[in-house]
Amino acid sequence: MVDMTVQIGSLKLNNPVIAASGTFGFEREIEQYMDLSKLGGISSKGLTIKPRSGNDAPRVAECPQGMLNSVGLQNPGIEYFIENELPHMLTYGCAVIANIAGHEFEEYGEMAKLLEDTAVDAIELNLSCPNVSGGCMAFGSDAYMIRSVVSSVKKVSSKPLWVKLTPNVTSISEMAIAAEEAGADAVSLINTLLGLVIDIDSRRPIMKNNTGGLSGPAVRPVAVRMVNEVYNAVSIPVIGMGGIMTGRDAAEMMIAGASAVQVGTANLVKPTACIDIIRELESWTANTGAAGVSEITGTIVKW
Amino acid sequence: MVDMTVQIGSLKLNNPVIAASGTFGFEREIEQYMDLSKLGGISSKGLTIKPRSGNDAPRVAECPQGMLNSVGLQNPGIEYFIENELPHMLTYGCAVIANIAGHEFEEYGEMAKLLEDTAVDAIELNLSCPNVSGGCMAFGSDAYMIRSVVSSVKKVSSKPLWVKLTPNVTSISEMAIAAEEAGADAVSLINTLLGLVIDIDSRRPIMKNNTGGLSGPAVRPVAVRMVNEVYNAVSIPVIGMGGIMTGRDAAEMMIAGASAVQVGTANLVKPTACIDIIRELESWTANTGAAGVSEITGTIVKW
Amino acid sequence: MVHQIDYSCQVIRRQQPNRSYVILTLESPEIAAMAMPGQFVDVSSDQFLRRPFGIMSVDREQGTFAIGIRVMGQGTLYLSRLQPGDKVSILGPLGHGFCLEGYDRIITVGGGTGVFPLFFVQQFCREQNIEGIAVCGYRSAEESILTEEFTQTACAVSFASDAGDMTVAGHAGIALQAVIDDLIETNSDISRTLICACGPKLMMKTAARLAKQAGISCQVSLEERMACGVGICLVCVCKTKKDDGTVEHSRCCVDGPVFDAEVVIW
Amino acid sequence: MVHQIDYSCQVIRRQQPNRSYVILTLESPEIAAMAMPGQFVDVSSDQFLRRPFGIMSVDREQGTFAIGIRVMGQGTLYLSRLQPGDKVSILGPLGHGFCLEGYDRIITVGGGTGVFPLFFVQQFCREQNIEGIAVCGYRSAEESILTEEFTQTACAVSFASDAGDMTVAGHAGIALQAVIDDLIETNSDISRTLICACGPKLMMKTAARLAKQAGISCQVSLEERMACGVGICLVCVCKTKKDDGTVEHSRCCVDGPVFDAEVVIW
Ligand SMILES: Cc1cc2nc3c(=O)[nH]c(=O)nc-3n(C[C@H](O)[C@H](O)[C@H](O)COP(=O)(O)OP(=O)(O)OC[C@H]3O[C@@H](n4cnc5c(N)ncnc54)[C@H](O)[C@@H]3O)c2cc1C
Ligand SMILES: Cc1cc2nc3c(=O)[nH]c(=O)nc-3n(C[C@H](O)[C@H](O)[C@H](O)COP(=O)(O)OP(=O)(O)OC[C@H]3O[C@@H](n4cnc5c(N)ncnc54)[C@H](O)[C@@H]3O)c2cc1C
Ligand SMILES: Cc1cc2nc3c(=O)[nH]c(=O)nc-3n(C[C@H](O)[C@H](O)[C@H](O)COP(=O)(O)O)c2cc1C
Ligand SMILES: Cc1cc2nc3c(=O)[nH]c(=O)nc-3n(C[C@H](O)[C@H](O)[C@H](O)COP(=O)(O)O)c2cc1C
Ligand code: FES
Ligand code: FES
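Chains as they are written, first to last, in the numbering used here: chain Z, 1 to 303; chain V, 304 to 606; chain S, 607 to 872; chain L, 873 to 1138.
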């Protein structure tokens, strides 16, 4: 029996597989199809201070081995979440991470304060959503802004703080270092790559928002590279994601340096993907002879 | 009959389809399989001042709908090229673009000088190769460096100057603007996205160079987005590439803003890809009722 | 209680009634047992995302169900080429179907691929002894589909074609108007009549308008680009009116695809 | 002169001699007519890049050729499942094969999938009345492949297995040594003898060393990860010695896959 638990700072997870933000609904649907206690954790849909209805449809465009989304942070607002969704999520028996996205600088702190008195296990600062104008991704592509946002949240929050980084930058390790220096307990990456798909007959972008965020297997080599880069640059845990579809993909991400992984788009192709990935990762780990899955992290052997 | 010619500054191409640098060998092989006079142009393998033997093999890793390469600019050096390859290339009857990559700042100017007395139709400054340490990609991710390199080449060269940009930056339009301001006659994009693929059993990167450049359909949404961004930011022609496999893909890139396109990875999957793409693009254009393919450029209708 | 949603279904039969359509009969006792009219399935192909298709009919005894496919792109091309014996991964049954309870007459109004889920409605009506009237709009007689099946299953049918080569010339709305006029002329009781519409947006909008004018209930089945099909990604939204009049984004896949026409903001 | 390189080939026959291998016979009069021993083809699958396979044999009259496939990953899995009648896009024949001219005795030394292209060499020897001696190394008798075919085609055969359950216990190098010893003991003229090796790197290196010791010419067929297969991407390089002693990167796909053992830097 392999020990599947992993430690992300002070937080212990059942296993390293976390459902990624925005790809698990508010779990009311997905709980019908699988036993959520089997997961390592769930990162909530991106939450904002005020409820947001998100962008107009179409919000999705398929592309080779991936998809673009432009949901635009549709969510009922953090207060509604805390009152109506969180209590139920906390009954699942896996870690619950609140993914929060601010439009203004101050909103991150306000939301962190609101979460302070909840039993949420960690906060994931989404500094990287490409689908809302202003804010968010702009924060995530500027090391100075990252530093400011992270330290301001740190001041008001005692929760483990994960900072989610955008890949749409020249140097993601520079951003990770900024997050670490400002007190982040972990960094999670990657969010989506900004992309555009056009319907050539109408000459219109497929999505109403014109551009959207690319996710899925197409981005995996970029994600693995960035996770490895960041792993070499910081000493806080790295939570890796981007195109993980199988246990082997999860293993690759961990070998590159991830202490835990998140699974996003795979859930949309197969609702029970996370469970399959956990099973595959467990048996792969067992075959390597490792006593625990955490031993895999960062075991890449470079040429 | 559709007019397939396009004008890139002072240079007129038979049609908008150019074989991308590094994916067409030195044409000695490919000329056996197709009539190269049918192409819009050929961008040569990346040339350096001194001959380079490139990185050790393996130099390729397959990934979902794409591949990574880490050739590392293997080439016989620009002088050999000018003497032994260029004269033959010039007989093909399509535009010939010399793709040059400097290790040191000065090398770009030196190479441009060597090309000045040749009949090469344009120079493509490769400021974006991710597979050699130092130089090149470092140049391409810094607007100040782009400005310096481009203006120094402009000083010694009268050839149309195309600047090839890397997608591994926070703002590609900032880089394009720098190139334009320094006198570039066109920008070409995207080069490859830096990626990593690991063999999980050996825990070794598949490629000896560890990382490599991602190309192919997987990157197309990112490329189309960047081409559109740059098209909106500069007024010089944009040459678009990244994942073009069919005439429809070429049309998408042109609708996003490209005046011409380059086709790279598709050649590796199907040696005659360029010819097929030209034919498909021509018949698609004819169906739209346009008199010339150049009318497509930038016709995206945003929401 | 956790229940299965992903089934590996074998193709039992492949029919190609005309150039444009293929009908696949697939084996899944579970989906056949649970499916209700208006629900859909989400089918894997050689493309990245699944493809949604309305359930066209079920045979609960044989444990099979059918879908009708119009080839539009790569995914439908792949699916249209499946042969008996091939297996395909399917999520289903998904979504909120038509609420048919309490009605004694159901008029289905379909256009294009919209006729497929509506055939299931007519199948249901026949089983439940509800008076089913089927209105179908096609481009032309040549492109028409399921006409025989509708004729055999529904109590009355009306086929319209844009080309003017079927009973009614013009679109399904014209045929629907005639059906409604007829009901009113014959003083039929329309208090327990329901119009179920599925097809092009414009057609559904027309159906909703005609229904409203005549005071008949109307439900419409909306189509939107989807990723998950099960409500977890929020990409498939349409605008709907809440009770308090405010507008919200509902998910076509789980809140729909069928909505009361009254709540839809077109 | 422009000539075709991309062919859509129909699968004519699919054989599965044992658990590990599938042999596909494919139709292409052009490839069958042009192919020379040691050349390969680059085959499309459901994966992004093509997959290279040595040509195992040709039937110029029937216009077919065969490849042997060992399932290693997704691409070979897909190809191993092709059925007669299926079509597949193939580039070929590609690369520089063995230079067999001027030899009157050819010893092929193969291991693993390396035996496939070497069978073509033996086929060629038989046609050209060259004395062919086939040395094959396998993991075990169970995993052995083409033993009957080699026995029927070559003048002499020697089969080795790591498991020790075939004629020679151990690897192909041991069997090759025995063949060489035998030639020397019998005072055979080895001036026009050639050793052709294909298989694991270590095996080829051993063959090259034994050949050199005995003063026999040796050509080896190298394997490297490829993209284009036709020489235009420069990803498939191996290190070779130039005449002037300097090292260069040669492309396995067009400069090879067969190289004179003397120029290879192992
Ligand atoms: C609830 C629902 C029920 C449907 N029922 C049927 C049916 O019974 N029979 C039938 O033939 N078709 C039906 N469709 C439409 C069918 O799903 C699309 O035609 C199909 O997805 C197109 O796939 P493609 O790969 O051939 O086309 P592509 O255009 O290549 O597909 C590209 C992407 O766009 C999406 N897409 C394209 N067109 C549509 C569309 N009209 N609706 C939703 N997504 C689309 C695809 O799913 C895919 O993600 C239904 C759609 C929905 C949402
Ligand atoms: C010149 C040449 C001749 C060959 N002849 C034969 C033959 O006759 N029979 C046979 O069974 N195999 C042969 N091989 C090996 C065969 O090409 C690989 O086993 C196959 O490409 C693996 O594909 P996959 O998708 O199953 O494996 P994966 O490991 O999933 O493939 C991933 C990528 O790695 C490449 N790759 C993996 N293994 C190899 C390898 N050993 N050599 C080159 N590329 C590899 C694949 O082409 C692909 O691009 C030959 C290889 C070369 C270069
Ligand atoms: C439909 C969709 C919605 C998403 N919404 C969010 C979000 O609200 N907050 C966030 O931080 N990331 C969001 N993401 C990004 C994912 O959490 C993840 O970072 C990304 O998709 C890469 O992982 P994947 O390839 O496994 O999907 C979303 C992704 C998708 C596909
Ligand atoms: C094998 C290979 C070698 C390449 N070598 C070069 C090069 O020497 N110089 C250069 O500017 N780009 C080089 N590129 C990048 C391509 O020219 C092109 O920018 C990129 O591959 C994206 O286009 P694609 O998706 O059509 O391949 C290379 C790409 C590949 C796949
Ligand atoms: S398709 Fe994912 S919520 Fe509807
Ligand atoms: S595989 Fe492209 S040069 Fe050999």
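Yeah, the Cβ is synthetic: ideal placement off N, Cα and C, and Gly gets one too.
- Sequence-distant Cβ neighbours of V:Ala559 in its own chain, meaning closer than 6 Å and more than five residues away, are Val527, Val530, Asn531 and Ile603.
- Of all residues in the stretch 1113-1124 of chain L, the ones placed with a Cβ closer than 7 Å to any Cβ belonging to chain V are Glu1120 and His1121, in chain order.
- Its Cα nearest to that of Z:Ser10, the residue Z:Asp185 stands out among Z:Phe105, Z:Ala178 and Z:Asp185.
- In this structure, V:Val525 has its beta carbon at no less than 7 Å from each heavy atom of ligand 3.
- Per DSSP, V:Ser474 lies in no alpha helix (DSSP H) and is assigned neither H nor E.
- In the structure shown, V:Ser455 adopts helical secondary structure according to DSSP, grouped into three states.
- About 6 Å separates the CB atoms of Z:Ser151 and Z:Gly183; that is less than 8 Å, so the two are in contact.
- Along the stretch 538-559 of chain V, the positions whose C-beta sits under 8 Å from a C-beta of chain Z are Gly546, Arg551, Ala554, Glu555, Ile558 and Ala559, read in chain order.
- L:Lys1111 has L:His1121 as its beta-bridge partners, per DSSP.
- Taken through DSSP and simplified to helix, strand or coil, S:Gln621 comes out as strand.
- Assignment of Z:Pro205 by DSSP, reduced to helix, strand and coil, places it in the strand class.
- Within its own chain, the residues whose Cβ lies closer than 8 Å to the Cβ of S:Leu688, once the five positions on either side in sequence are excluded, are Val617, Arg620, Leu630 and Val694, listed in chain order.
- By the 16-neighbour rule on beta-carbons within 10 angstroms, L:Lys1114 is exposed.
- Not flagged as an interface residue toward chain S: Z:Thr91, since no C-beta distance is shorter than 8 Å.
- Within the stretch 311-345 of chain V, no residue has its Cβ closer than 9 Å to any Cβ of chain Z.
- For S:Leu800, the closest alpha carbon among the candidates S:Glu733, S:Ala672, S:Lys807 and S:Asp866 is that of S:Asp866.
- The shortest CA-to-CA distance from Z:Ala233 to any of Z:Glu181, Z:Thr211 and Z:Ser283 is the one to Z:Glu181.
- DSSP places L:His968 within a strand segment (E or B) once states are collapsed to three.
- Judged by pairs of C-beta atoms under 8 Å, the stretch 282-293 of chain Z does not touch the stretch 444-458 of chain V, as fewer than three such pairs exist.
- Residue-level contact check: S:Ile838 touches chain Z, since one or more beta carbons of chain Z fall below 8 Å from its beta carbon.
- Think of a sphere of 9 Å around the beta carbon of V:Thr421: no beta carbon from chain Z falls inside it, the nearest being about 34 Å out.
- When the five nearest sequence neighbours on each side are left out, the beta carbons in the same chain lying within less than 6 Å of the beta carbon of L:Gly964 are those of Ile903 and Val913, in order along the chain.
- Taking C-alpha positions only, L:Asp1127 is separated from L:Leu972 by approximately 16 Å.
- If you draw a straight line from the Cα of S:Phe704 to the Cα of V:Asn318, it is about 54 Å long.
- With 16 or more other Cβ atoms from the protein chains shown falling within 10 Å of its own Cβ, S:Glu633 counts as buried.
- A straight line joining the alpha-carbon of L:Val874 with that of L:Val993 spans about 28 Å.
- Here the alpha carbon of L:Glu1003 sits roughly 35 Å from the alpha carbon of L:Pro956.
- For Z:Thr23, no beta strand (DSSP E) encloses it, and the DSSP letter there is neither H nor E.
- Straight-line spacing of the CA atoms in V:Ala563 and V:Gln335 works out to 25 Å.
- Residue pairing by DSSP puts Z:Asn75 in a beta bridge opposite Z:Arg52.
- Z:Pro221 sits close to V:Cys366, with the two beta carbons spaced by under 8 Å.
- Where Z:Gln262 is concerned, the enclosing beta strand (DSSP E) starts and stops at Ala260 to Val263.
- Taking the CA atoms as reference points, Z:Val2 sits about 10 Å from Z:Thr288.
- The continuous stretches of beta strand (DSSP E) do not include S:Met772, and DSSP gives it neither H nor E.
- Under the 8 Å Cβ criterion, the stretch 742-749 of chain S counts as touching the stretch 759-773 of chain S, having at least three qualifying pairs.
- Residue pairing by DSSP puts Z:Ile8 in a beta bridge opposite Z:Leu11.
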